[in-house]
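One structure is given here, and the rest of the page talks about it.
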Amino acid sequence: RLCFHPEFLRRGDGVQDFRDPALSVLGVRDAQAEVVATWQALIGREAAPPRVVGMESAELLKYLCNAYHGMKVAFANEAGRLSHALGLDGIDLMELFCTDRKLNISEAYLRPGFAFGGACLPKDIHALGEIGGLLGVELPLVNALLCSNEAHYRVGLELIVSKRMSRVGLIGLGFKPGSEDLRGSPFFRLAEDLRAEGIELRVWDPSVASALEMQGPTGAVSWLEACLERDLLTMCRACPLVVVNTWGAGWGCLPEVLEAAGRLEVIDFCGALRGWQRAVGGVDRLCW
């Protein structure tokens, strides 16, 4: 039987990493119990049980880990070069950067989904690149971020357009679940791009709906009031294609609503439907 056990051993620390690995993974195709028992006999019974995944997942994970480590080094070096050009100590700045264990050094932002947006990230990434340009400091990693984000956005948009539906339902419009803020929202941009394609929209987002009821539609979002649905099941029954942009806690059981809606196509950008076995049809997605 064949298995794949990626090694994550650092040069100079290989023995310690072998004895106390940060990550232990075993890729198998079948007979998991037998393969794991053989692995433990080879490695040693005192070793912690590995995370067992598919063969291809274990192989890709090895590359992803090393690419991420390289990306961290490149980011720190770009931060250091920019700091130096500004007369600052990049090592001090990155040490301070690393004290944030809630967002900077954590699992935050590492769940694949749709393109990022909002009022802050695109603006500040662009500003950082501009500062580098003014100072003559090359920041290829920073400058690639918005390009990568745009490429991801285009893939999502093209997936929807490729379905050739005259009416599409969108679940979630604010830039994140539970937010009525449409500034820089990739989902609001998605809605406008779909309208430009001549597609009729229905939108369900309770936070956005509540905000519009209090403030009323203004300016660029004057079209939105006519598209908003207050009842999710009604929207799903009216649309041959439903796109799950976001799904907020407390919004109910989405699979139950989609099953009750009957035959329709579903695209899930946020992973809200992972593990759902549809009675009829499947689910299209970008990252899972």
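Add 830 to the 1-based position in the sequence shown for my numbering, that's all there is to it.
All residues carry an ideal CB built from backbone N, CA and C; glycine is no exception.
Query, Result
"Quick check: what's the CA-CA separation for Arg1067 versus Pro952?", "36 angstroms"
"Note the first and the last residue of the continuous alpha helix (DSSP H) segment covering Gly1092.", "First-last for Gly1092: undefined, no H or E at that position."
"Whose C-alpha, out of Trp1118, Val1051, Val991 and Ile1029, is nearest the C-alpha of Leu1012?", "Val1051"
"Should the segment 1022-1029 be regarded as contacting the segment 1100-1116, the criterion being three or more beta carbon pairs within less than 8 angstroms?", "no"
"List the whole-angstrom C-beta distance separating Gly1002 from Gly947, where the pair is believed to meet the contact cut-off of C-beta under 8 angstroms.", "Not a contact, Cβ separation roughly 12 angstroms."
"Leaving out the 5 sequence neighbours to the left and right, which residues in its chain are closer than 7 angstroms to Ser800 when beta-carbon positions are compared?", "Look at the range of the chain in this structure, 831 to 1118, and you will see that residue 800 is not part of it."
"Only counting the same chain, and skipping five residues up and downstream in sequence, which positions put a Cβ closer than 7 angstroms to that of Ala1090?", "Leu1063"
"Hey, would you say Leu987 sits closer than 8 angstroms to Leu1020, going by beta carbons?", "yes"
"In chain order, what residues of the same chain lie with their CB nearer than 6 angstroms to the CB of Pro1085, ignoring the 5 residues before and after it?", "Trp1106"
"Using 7 angstroms as the cut-off, classify the Cβ of Glu886 as near or not near the heavy atoms of the ligand GTP, replying yes or no.", "For the structure depicted, the ligand GTP is absent and the ligand set is empty, with no information on it obtainable."
"Rounded to a whole number of angstroms, what is the C-alpha to C-alpha distance between Leu976 and Pro970?", "11 angstroms"
"Starting from Trp1106, follow its DSSP beta bridges and name the residues at the other end.", "Paired residue(s): none; Trp1106 is not in a bridge."
"At which residues does the alpha helix (DSSP H) containing Trp869 begin and terminate?", "Gln862 to Ile873"
"Among Gly1078, Lys1006 and Met995, which has the Cα closest to the Cα of Val1096?", "Met995"
"Can you look up Leu969 in the DSSP assignment and give me helix, strand or coil?", "coil"
"Check each candidate in Lys932, Leu1024, Gly910 and Glu937 and name the one with the smallest Cα separation from Val972.", "Gly910"
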